[in-house]
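Step one of this worksheet: look at the structure below.
2 protein chains.
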Amino acid sequence: MRELRKDPIIFRWVIISTERAKRPAEKHAGREEEADDPAGCPFEEGSEASTPPEIYALRKPATSPDTPGWRIRVTPNKYPALLMEGDPAAQQQGLFTRIPGVGAHETVIETPDHFRHLEAQPLPHLTRILEVFQQRICALRADPRIAYVLVFRNQGRSAGASLHHPHSQIVGLPVIPTRIEEELAGSLAHWKRTGECVFCDLTKQVLEKDELVVHRDDGVLAFCPYASIFPYETWILPEAHQADFADAGNELLAGIARALKVVLMKHREALGKLSYNMVLHTLPSTDAVVDDFPASHQHYHWHLEIYPRLTQPAGCEWGAGIHINPKTPEEAAMHLRSIKAEVD
Amino acid sequence: MRELRKDPIIFRWVIISTERAKRPAEKHAGREEEADDPAGCPFEEGSEASTPPEIYALRKPATSPDTPGWRIRVTPNKYPALLMEGDPAAQQQGLFTRIPGVGAHETVIETPDHFRHLEAQPLPHLTRILEVFQQRICALRADPRIAYVLVFRNQGRSAGASLHHPHSQIVGLPVIPTRIEEELAGSLAHWKRTGECVFCDLTKQVLEKDELVVHRDDGVLAFCPYASIFPYETWILPEAHQADFADAGNELLAGIARALKVVLMKHREALGKLSYNMVLHTLPSTDAVVDDFPASHQHYHWHLEIYPRLTQPAGCEWGAGIHINPKTPEEAAMHLRSIKAEVD
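The listed protein sequences derive, respectively, from chains A and B. When the letters of the first sequence are read in order and numbered with this note's numbering, they come out as residues 957 to 1300. When the letters of the second sequence are read in order and numbered with this note's numbering, they come out as residues 957 to 1300.
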């Protein structure tokens, strides 16, 4: 069973998907570290039959789909939260609103190397992974049923990863997620008030004083946000205004890849074992944008958000939406700036 | 350092509190189960000196504060996220808004018995714990700097508890938390549209079909919400309209205590080791309510929310506000209904 349901009081969407419970790791979620033994890992080269047939792959010439020879491989998720079947029309019954669970759920296997996580990838390969994200976003947006394509990455059991092998996830949703809607609404309000992109204004303010800056190079800024909800939370964005990640050219993607590698190396050095969530925030599908959304997209600005998982959110966070962050973003940024990260 | 900061894009408040990092458990949060050895536990009878001096206690006659003889004891939190000192006036610097970390953070030690969690308490004692919550809410609201009093409970390491000894937490906040603001706004909109309380309407719809009901007795309903974000999520509310938990009489509190005990016993039986967050949602302080809030409070309805922690929220949840729940609320409710819970 897969469907989206809307909270009748606060209008928050949730995916109810009983398929997800079949994941082997779900049984002891949060209780132990993920296995880092490649034996039995479904994402190894040579184990292509353990995943659903591939959607896309970067491969050596003259190798066939679902055989060895790939460098990056995209497959449907084996336990998909959503499936691309049917019509996502809302159904109402009194206070209860549901949408059939129509959408996509894909896995990006980032490398055949079980142990080579993003921070250890050569820059050209890391850039290629970002290009694959871009490509899948464009492909999924072509389906009018998809309102938003969400790219995210969980690393480490305490960040919710069920498998150690380096991978990201892509979810094509029939609704715009809450957090994105809030960012769109907030940035639209700022743009109407000031005529400026709030992310561009934020970048200027962060650069006026250096205290929140983690890394700056190639027109890309990495910083700890002023109101970080997680200790060492870090955002990465292009300094020049750009609303949609799909519009990023190769040169910019290479700069983003470099900043991402630097940030993850610094996190690892500062925090030890790297357990984190990463998420890409970008524009929704054109068909899904709200009425008073300016066609020029001057108000929104895509970015990456990285949340190291050192704290365990509890009653205050889940029950009230109030996060308690035990590290000031200024101290976190100073610590991260002090760490040298050599990138080829 | 303690302050509240407002996200410049989505206007979400976060508490930045470096005191919290000093908690012994924070060092390995999420990595191991909490110690259940009473030796060294600061909440034992006889260890009163290990906590700050008590604010309130239910005690045997002729025993003195901060000595043995108590049955329920409220103390300031040893690692407070907020402190009741100074003026919580907002300070603005460009896009950055902060409020000094003025507020209260208290611990309710629910029993001298290290092992007796809520579900194992006799009903009269459980009722008394709820009365202590009520009393602390009223006491904290008397300070005009407090906008909202949040009562919550974390049980089990994977729910963020740092100590095993049965306790709840009370946080007096200088702002209304996001989730409460959303509920106030959603319920106010429903009331303006229909003239009814959305929680009362919800109760009616849940009772029309039994499939979401977990337990019903004494004018109290326990049910799995239609758009539950956690598997086995359960809410408890009085069936008769009541906006504010502070207005609940002794008879109603006894009914709530009974429902709470039944629900927690059922959760324990259904899910094994009980790890959960519980939160009380009630009205803000009178001074803090929004402009168009009806003085009669017909639109809001206090309730308890309980989140068993079986899944590990990850990139999708934190990065986009989209929860994936692998259990339908109907199946969870059916499972919980099928479990017999004998309460004295």
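Every residue, glycine too, gets a C-beta built ideally from N, C-alpha and C. The structure displayed is predicted, hence computed values, not measured ones.
ask   = Where DSSP assigns a beta bridge to ILE971(B), which residues make up the other side?
value = Residue mapping note: residue 971(B) aligns to position 15 of the second sequence, counting from 1. Paired residues: ILE1280(A), LEU960(B).
request  = Using only alpha-carbon positions, find the residue among ALA1141(A), PRO1187(A), LYS1160(A) that is nearest to HIS1253(A).
outcome  = As a first step, residue 1253(A) is located in the first sequence; it is residue number 297 there, counting from the start. The candidate whose alpha carbon is nearest that of HIS1253(A) is ALA1141(A).
key: the stretch 1094 to 1112 of chain B: positions lying closer than 7 Å to chain A by Cβ   = LEU1106, PHE1108, ARG1109, ASN1110
request  = Establish whether the CB of CYS1272(A) and some CB of chain B are separated by less than 8 Å.
outcome  = Along the first sequence, one-based indexing puts residue 1272(A) at 316. Output row for CYS1272(A): interface = yes.
inquiry  = To the nearest angstrom, how far is the alpha carbon of GLN1111(A) from that of LEU1230(A)?
reply    = For this step, residue 1111(A) is matched to residue 155 along the first sequence. For this step, residue 1230(A) is matched to residue 274 along the first sequence. Distance between the alpha carbons of GLN1111(A) and LEU1230(A) is about 7 Å.
Where CYS1094(A) falls, given that 16 or more other Cβ within 10 Å makes a residue buried = The sequence position of residue 1094(A) within the first sequence is 138, counting from 1. Per the 10 Å Cβ criterion, exposed.
inquiry  = At the 8 Å Cβ level, is ARG1293(A) part of the contact set with chain B, yes or no?
reply    = Sequence index remark: in the first sequence, residue 1293(A) carries index 337 (1-based). No - not a single Cβ of chain B is within 8 Å of the one on ARG1293(A).
Heavy atom of the ligand COA within 7 Å of LEU1163(A) beta-carbon = The ligand COA is not part of this structure, which contains no ligands at all.
message = Using the Cβ count rule (16 or more neighbours within 10 Å means buried), how would you classify PRO1078(B)?
response = Locating residue 1078(B) in the second sequence gives position 122, counting from the first residue. Exposed is the call here.
ask   = Between the C-alpha atoms of LYS1160(B) and ASP1174(A), what's the straight-line distance to the nearest angstrom?
value = The count along the second sequence starts at 1 and reaches residue 1160(B) at position 204. The count along the first sequence starts at 1 and reaches residue 1174(A) at position 218. Whole-angstrom Cα-Cα distance: 59 Å.
query = Listed from N- to C-terminal order along the chain, which residues in the stretch 1043 to 1054 of chain A have their beta-carbon within a distance smaller than 9 Å of any beta-carbon of chain B?
reply = GLN1049, GLY1050, LEU1051, PHE1052, THR1053, ARG1054
ask   = Using the C-alpha atoms, what's the distance from HIS1291(A) back to LEU1239(B)?
value = Residue numbering aside, residue 1239(B) sits at position 283 when the second sequence is read from its first letter. Residue numbering aside, residue 1291(A) sits at position 335 when the first sequence is read from its first letter. The straight-line gap from Cα to Cα measures roughly 41 Å.
key: Where THR1083(B) falls, given that 16 or more other Cβ within 10 Å makes a residue buried   = Against the second sequence, residue 1083(B) aligns to sequence position 127. Buried is the call here.
ask   = In terms of residue numbering, what span does the beta strand (DSSP E) encompassing PRO1240(B) cover?
value = Here residue 1240(B) refers to the residue found at position 284 of the second sequence. Per DSSP, PRO1240(B) belongs to no beta strand (DSSP E) and is neither H nor E.
ask   = Beta-carbon of LEU1158(A) versus every beta-carbon of chain B: anything under 8 Å?
value = Here residue 1158(A) is taken as the residue at index 202 of the first sequence, counted from 1. So yes, LEU1158(A) belongs to the interface.
request  = List the residues of chain B whose Cβ lies closer than 7 Å to the Cβ of GLU1261(A), in chain order.
outcome  = Residue mapping note: residue 1261(A) aligns to position 305 of the first sequence, counting from 1. Going along chain B in sequence order, the residues near GLU1261(A) (Cβ under 7 Å) are GLY1275.
key: Cα-Cα separation, ALA985(A) to ASN1281(B)   = Position 29 of the first sequence, counted from the start, is the residue given in the question as residue 985(A). Position 325 of the second sequence, counted from the start, is the residue given in the question as residue 1281(B). Confidence is the limiting factor: at ALA985(A) the pLDDT is only 43, short of 50, which leaves the residue's position unreliable, though a coordinate-based value still follows. In a straight line, the C-alpha of ALA985(A) is about 13 Å away from that of ASN1281(B).
task = Consider the Cβ of TYR1256(A): report whether some Cβ of chain B lies at a distance smaller than 8 Å.
result = As a position in the first sequence, residue 1256(A) is number 300, starting the count at 1. It does not; no Cβ of chain B falls within 8 Å.
ask   = When the Cα atoms are used, what is the spatial distance from THR1031(A) to HIS1171(B)?
value = If you number the first sequence from 1, residue 1031(A) lands on position 75. If you number the second sequence from 1, residue 1171(B) lands on position 215. Whole-angstrom Cα-Cα distance: 43 Å.
inquiry  = Going by beta-carbon coordinates alone, are ALA1213(B) and ALA1178(B) separated by less than 8 Å?
reply    = Locating residue 1213(B) in the second sequence gives position 257, counting from the first residue. Locating residue 1178(B) in the second sequence gives position 222, counting from the first residue. No, they are not a contact pair.
ask   = Mind pulling the chain A residues with CB within less than 9 Å of TRP969(B)?
value = Counting from one through the second sequence, the residue named residue 969(B) turns up at place 13. In chain order: ALA1183, GLY1277, ILE1278, HIS1279.
ask   = How would you call THR1134(B), buried or exposed, if buried means at least 16 neighbouring beta carbons within 10 angstroms?
value = To locate residue 1134(B), count along the second sequence from 1; it is residue 178. Buried, by the Cβ-count rule.
query = For TRP1191(A) and chain B, any beta-carbon pair shorter than 8 Å?
reply = Position 235 of the first sequence, counted from the start, is the residue given in the question as residue 1191(A). It does not; no Cβ of chain B falls within 8 Å.
inquiry  = Is there a C-beta anywhere in chain B that falls below 8 Å from the one on ASN1233(A)?
reply    = As a working note, residue 1233(A) is residue 277 in the first sequence. ASN1233(A) counts as touching chain B.
key: Residue environment, GLU1137(B), which counts as buried when at least 16 other CB atoms sit within 10 Å   = Working through the second sequence from its first residue, we reach residue 1137(B) at position 181. Buried, by the Cβ-count rule.
inquiry  = Comparing C-alpha positions only, which one of VAL1218(B), THR1007(B), ALA1289(B) sits nearest to LYS1296(B)?
reply    = Sequence index remark: in the second sequence, residue 1296(B) carries index 340 (1-based). Checking every option, the nearest Cα to that of LYS1296(B) belongs to VAL1218(B).
Residue burial classification, PRO1017(B) (beta-carbon count within 10 angstroms, cutoff 16) = Translated into positions along the second sequence, residue 1017(B) becomes position 61. Counting Cβ neighbours within 10 Å, PRO1017(B) comes out exposed, since fewer than 16 surround it.
task = Please confirm whether LEU1086(B) and GLY1128(B) have their CB atoms less than 8 Å apart.
result = Your numbering for residue 1086(B) matches position 130 in the second sequence. Your numbering for residue 1128(B) matches position 172 in the second sequence. Cβ atoms of LEU1086(B) and GLY1128(B): not closer than 8 Å.
ask   = What did DSSP end up calling THR1150(B) once you bin it into helix, strand or coil?
value = Numbered from 1 along the second sequence, position 194 holds the residue referred to as residue 1150(B). In this structure, THR1150(B) counts as helix in the three-state DSSP scheme.
inquiry  = Contact defined as beta carbons within less than 8 Å: I believe PHE1201(B) pairs with GLN1048(B). What is the distance between those atoms, to the nearest angstrom?
reply    = Mapped onto the second sequence, residue 1201(B) falls at position 245. Mapped onto the second sequence, residue 1048(B) falls at position 92. Rounded, the Cβ-Cβ distance is 34 Å, inconsistent with contact.
key: Positions along the stretch 1006 to 1039 of chain B whose CB lies within less than 8 Å of some CB in chain A   = ALA1037
ask   = Per DSSP, which one or two residues make a beta bridge with HIS1128(B)?
value = Locating residue 1128(B) in the second sequence gives position 172, where the first residue counts as 1. Note that residue 1128(B) corresponds to Gly in the displayed sequence, not to His. GLY1128(B) is bridged to ALA1060(B), VAL1105(B).
task = Tell me whether MET1290(A) sits in a helix, a strand or coil according to DSSP, three-state version.
result = Position 334 of the first sequence holds residue 1290(A). In this structure, MET1290(A) counts as helix in the three-state DSSP scheme.
C-alpha gap between LEU1042(A) and ALA1270(B), whole angstroms = For the purposes of this step, residue 1042(A) is taken as residue 86 along the first sequence, with counting starting at 1. For the purposes of this step, residue 1270(B) is taken as residue 314 along the second sequence, with counting starting at 1. It should be pointed out that residue 1042(A) corresponds to Gly in this sequence rather than to Leu. Whole-angstrom Cα-Cα distance: 27 Å.
ask   = With a Cβ-Cβ cutoff of 8 Å, do HIS1146(A) and HIS1070(A) count as a contact?
value = Here residue 1146(A) refers to the residue found at position 190 of the first sequence. Here residue 1070(A) refers to the residue found at position 114 of the first sequence. Their beta carbons are not under 8 Å apart, which means HIS1146(A) does not touch HIS1070(A) by this criterion.
key: Pairwise C-alpha distance: ASP963(B) and ILE972(B)   = In the second sequence, the residue the question calls residue 972(B) occupies position 16. In the second sequence, the residue the question calls residue 963(B) occupies position 7. Computed Cα separation, rounded: 12 Å.
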